[in-house]
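Novice: If you read the protein sequences in the order shown, they are chains P and W.
Counting from 103, one number per residue, gives the positions in the first sequence under my numbering.
Counting from 103, one number per residue, gives the positions in the second sequence under my numbering.
Glycine included, every Cβ here is placed at the ideal spot set by N, Cα and C.
Bear in mind the structure is a predicted one, so any value in this text is a computation, not a measurement.
There are 2 protein chains.
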Amino acid sequence: MSDTVKKLLDAAEDSIRLRGYHAVSFRDLADELEIKSASVHYHFRHKEDLGQALVKRYSDSFFASLNAKSVGLTEPRDRIDTFCQVYRQALVEADRICLCAMLAAESCGLPAALAKDVAGFLQSNIDWLVDNLPTDLPASQRLSKAHHILSSLQGAMILSKNLDDQSIIDQVIADLSLLFGSSQAQS
Amino acid sequence: MSDTVKKLLDAAEDSIRLRGYHAVSFRDLADELEIKSASVHYHFRHKEDLGQALVKRYSDSFFASLNAKSVGLTEPRDRIDTFCQVYRQALVEADRICLCAMLAAESCGLPAALAKDVAGFLQSNIDWLVDNLPTDLPASQRLSKAHHILSSLQGAMILSKNLDDQSIIDQVIADLSLLFGSSQAQS
DNA sequence: GTGAATCTACCTATCAATAGATAGATTTCC
DNA sequence: GGAAATCTATCTATTGATAGGTAGATTCAC
């Protein structure tokens, strides 16, 4: 990947996570890189292409980070906690919500292929959680808890950002831990 | 409020909850009402004014519904459950996420006054939850649980909508009930 | 090895469409 | 008559997108 493409993806991810897909234009990105908007179109023919490249990169990076951080961890609650920490880190490091939280909210206003990619990312998150929740829980409970955990994290990012209080996601993650493990974990 | 204003607010709320603030134009709204876009500007001078009117109406309606449904309920878990049901109803009836979930996600790309109104709505939600959680919980725990409940509901709406599966919010609400009451409620 | 062909990465210039917004004329209704 | 509501007509700015061109690096054919 060329340097310009990387910078474009970085700038686009930053802006979209901050303000949303429709609030970001090719000219904004071009200005930030001090090139012309036509040159942005050279690298990404359509805005939708840029969006799809962003989601792919974000998804790859997310799961790479998740796998790296959870390697060696065998306890479900440690693995789920790692998942939460990857989300927390995404918010705290960039001071922006998750790319796919933003795009998921806007998804009905996005090109169909892009919305589908976003849904794919969310579904992969759910699948990972279901696979990593305690196996002594019935499958239906694992699914419910996966939905609960992912919903809470996505919502907590939005709340934390909107109310400008990063402690919100920390409180939510701490409270979530009551639901992590098998029943005896709810002490 | 004139009939046209009501129709405008309805159309704008519908579109923004579906696609986001920046994906909705005065011309879209005008076309839907079969009037001219200049007439929309007659009722709402600036787009920001329309946004603020929307948030005010949504907030008033939300708390009116919440108060009506929770009147007479004295048990914290019943009152909190009512809160969740109002959110659930917002999603299911309109097949759209909460207006303020959408606007909160986009808030850094919104006019400042509008973003502030959205933050006010979310803060009022948190305040209501804190006031209605069991008083035997310490204040800090009530705040954490308030953040948790609101985050989960906002996130669950986004997930339900994006994955086109309304059972997700039901599962999340059911799972949330484990955290509603005082400790003995976690059975 | 060298000239021709091709590729990369940008550029200028421009397009049609759409955005929010406004002035001023016209209609509608009491 | 007068106020409210809507219109026509238009403005400026911006959007995503395209056409066509160019400097410089790379590759290929002989």
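1) Can you give the Cα-Cα distance for Leu201 (chain W) and Asp272 (chain P), rounded to whole angstroms?
2) Taking 8 angstroms as the limit between beta carbons, can you name the residues of its chain near Ala155 (chain W), skipping five residues before and five after?
3) Where do the ends of the alpha helix (DSSP H) carrying Cys186 (chain W) lie?
4) Output the distance between the C-alpha atoms of Ser254 (chain P) and Ser269 (chain W), rounded to the nearest integer angstrom.
5) Whose C-beta lies closer than 8 angstroms to the C-beta of Ile228 (chain P) among residues of the same chain, with five residues either side of it excluded?
6) Out of W:Met204, W:Ser262 and W:Thr184, which has the shortest C-alpha to C-alpha gap to Val194 (chain W)?
7) Compare the C-beta of Asn264 (chain W) against all C-beta atoms of chain P and say whether one is closer than 8 angstroms.
8) Run through the region 189-244 of chain W for me and flag every whole alpha helix (DSSP H) of 4 or more residues, listed as ranges in chain order.
9) Could you run through the region 211-235 of chain P and flag, in chain order, every residue whose CB is less than 7 angstroms away from some CB of chain W?
10) For Ala203 (chain P) and Met259 (chain P), which I take to be in contact (beta-carbon distance under 8 angstroms), what is that distance rounded to the nearest angstrom?
11) Cα separation between Arg190 (chain W) and Asp116 (chain P)?
12) Do you know how far the Cα of Ser242 (chain P) is from the Cα of Leu278 (chain W)?
13) Is Ile260 (chain P) close to chain W? Criterion is C-beta to C-beta, closer than 8 angstroms.
14) Could you tell me whether any Cβ in chain W is nearer than 8 angstroms to the Cβ of Gly283 (chain P)?
15) Please compile the residues from chain P whose C-beta is within a distance smaller than 8 angstroms of the C-beta of Lys247 (chain W).
16) Do you know whose CA, among W:Thr237, W:Arg181, W:Ala170 and W:Asp219, lies nearest Arg159 (chain W)'s CA?
17) Once DSSP output is grouped into helix, strand and coil, what is the label at Phe146 (chain P)?
18) Could you check how far apart the C-beta atoms of His143 (chain W) and Phe128 (chain W) are, in whole angstroms? I think they sit under 8 angstroms.
19) May I ask you to report which of helix, strand or coil DSSP gives Ser253 (chain W)?
20) Do the CB positions of Ala217 (chain P) and Ser226 (chain P) come within less than 8 angstroms of each other?
21) Under a CB-based cut-off of 8 angstroms, is Glu299 (chain P) close to chain W?
22) I'd like the list of long-range same chain contacts for Ser167 (chain P), defined as Cβ closer than 6 angstroms, with 5 residues on each side in sequence excluded.
23) Give the range of the alpha helix (DSSP H) segment to which Ala132 (chain P) is assigned.
24) Give the residues of chain W in contact with Val274 (chain P), contact being defined as C-beta atoms less than 7 angstroms apart.
25) With burial defined as no fewer than 16 other Cβ atoms inside 10 Å of the residue's Cβ, what is the status of Asp183 (chain W): buried or exposed?
26) Report yes if the C-beta distance between Gly122 (chain W) and Gly122 (chain P) is below 8 angstroms; otherwise report no.
27) According to DSSP, is Lys138 (chain W) part of a helix, a strand, or is it coil?
28) How about Leu265 (chain W) and Leu224 (chain P): do their beta carbons lie closer than 8 angstroms?
29) Smallest Cα separation from Ala276 (chain P): which of P:Pro213, P:Asp180, P:Asn234 and P:Trp230?
30) List the residues of chain P whose Cβ lies closer than 9 angstroms to the Cβ of Glu134 (chain W), in chain order.
31) Mind reading off the beta-carbon distance from Phe185 (chain P) to Leu231 (chain P)? Whole number of angstroms is fine, and I expect it under 8 angstroms.
32) Alpha carbon to alpha carbon, how far is Val126 (chain W) from Ala221 (chain P)?
Specialist: Taking the geometry as given:
1) Looking at the two C-alpha atoms, the distance is approximately 25 angstroms.
2) Setting aside the 5 residues that flank it on each side, Ala155 (chain W) is surrounded in the same chain by Leu111 and Phe146, each with a C-beta closer than 8 angstroms to its C-beta; the list follows chain order.
3) Taken as a continuous stretch (DSSP letters only), the alpha helix (DSSP H) holding Cys186 (chain W) covers Pro178 to Ala196.
4) If you take the alpha carbons of Ser254 (chain P) and Ser269 (chain W), they lie about 16 angstroms apart.
5) Sequence-distant partners of Ile228 (chain P) (beyond 5 residues in either direction) whose C-beta falls short of 8 angstroms from its own C-beta, in its chain, are Leu245, Ala248, His249 and Leu252.
6) Cα-wise, what sits closest to Val194 (chain W) is W:Ser262.
7) At a cut-off of 8 angstroms between beta-carbon atoms, Asn264 (chain W) makes contact with chain P.
8) As far as the region 189-244 of chain W is concerned, its whole alpha helix (DSSP H) runs of at least 4 residues are 201-207 and 214-234.
9) Correct list: Gly211, Val220, Ala221, Leu224 and Gln225.
10) Sure, about 6 angstroms apart at Cβ, within 8 angstroms.
11) Distance between the alpha carbons of Arg190 (chain W) and Asp116 (chain P): 32 angstroms.
12) Between the alpha carbons of Leu278 (chain W) and Ser242 (chain P) lies a gap of roughly 15 angstroms.
13) Interface annotation, Ile260 (chain P): in contact with chain W, CB-CB separation under 8 angstroms.
14) The predicted position of Gly283 (chain P) is uncertain, since its pLDDT is 49 and thus under 50; a value taken from the coordinates is nonetheless stated next. The beta carbon of Gly283 (chain P) does not come within 8 angstroms of any beta carbon belonging to chain W, so the residue lies off that interface.
15) Within chain P, the residues near Lys247 (chain W) are Asp277.
16) When only C-alpha atoms are compared, the closest one is W:Asp219.
17) Shown here, Phe146 (chain P) sits in coil according to DSSP, grouped into three states, outside any helix or strand.
18) With a beta-carbon spacing of about 7 angstroms, His143 (chain W) and Phe128 (chain W) fall inside the 8 angstroms limit used to define contacts.
19) Note: Ser253 (chain W) maps to helix in three-state DSSP.
20) Going by beta carbons, Ala217 (chain P) and Ser226 (chain P) fall outside the 8 angstroms limit.
21) The requested residue 299 (chain P) is not part of the displayed model; chain P covers only 103 to 289.
22) Correct list, in chain order: Val188.
23) Start and end: Phe128 to Leu135.
24) Within chain W, the residues His249, His250 and Ser253 have their CB atoms less than 7 angstroms from the CB of Val274 (chain P), given in chain order.
25) Asp183 (chain W) comes out buried.
26) Yes, these two residues count as a Cβ contact at 8 angstroms.
27) Of the three classes helix, strand and coil, the one that applies to Lys138 (chain W) here is coil, per DSSP.
28) In contact: Leu265 (chain W) and Leu224 (chain P) (Cβ atoms closer than 8 angstroms).
29) For Ala276 (chain P), the closest alpha carbon among the candidates P:Pro213, P:Asp180, P:Asn234 and P:Trp230 is that of P:Asp180.
30) In chain P, no part has a C-beta under 9 angstroms from the C-beta of Glu134 (chain W); the shortest such distance is about 16 angstroms.
31) Yes, they are in contact, since the Cβ atoms of Phe185 (chain P) and Leu231 (chain P) sit about 7 angstroms apart, within 8 angstroms.
32) Approximately 22 angstroms between the Cα atoms of the pair.
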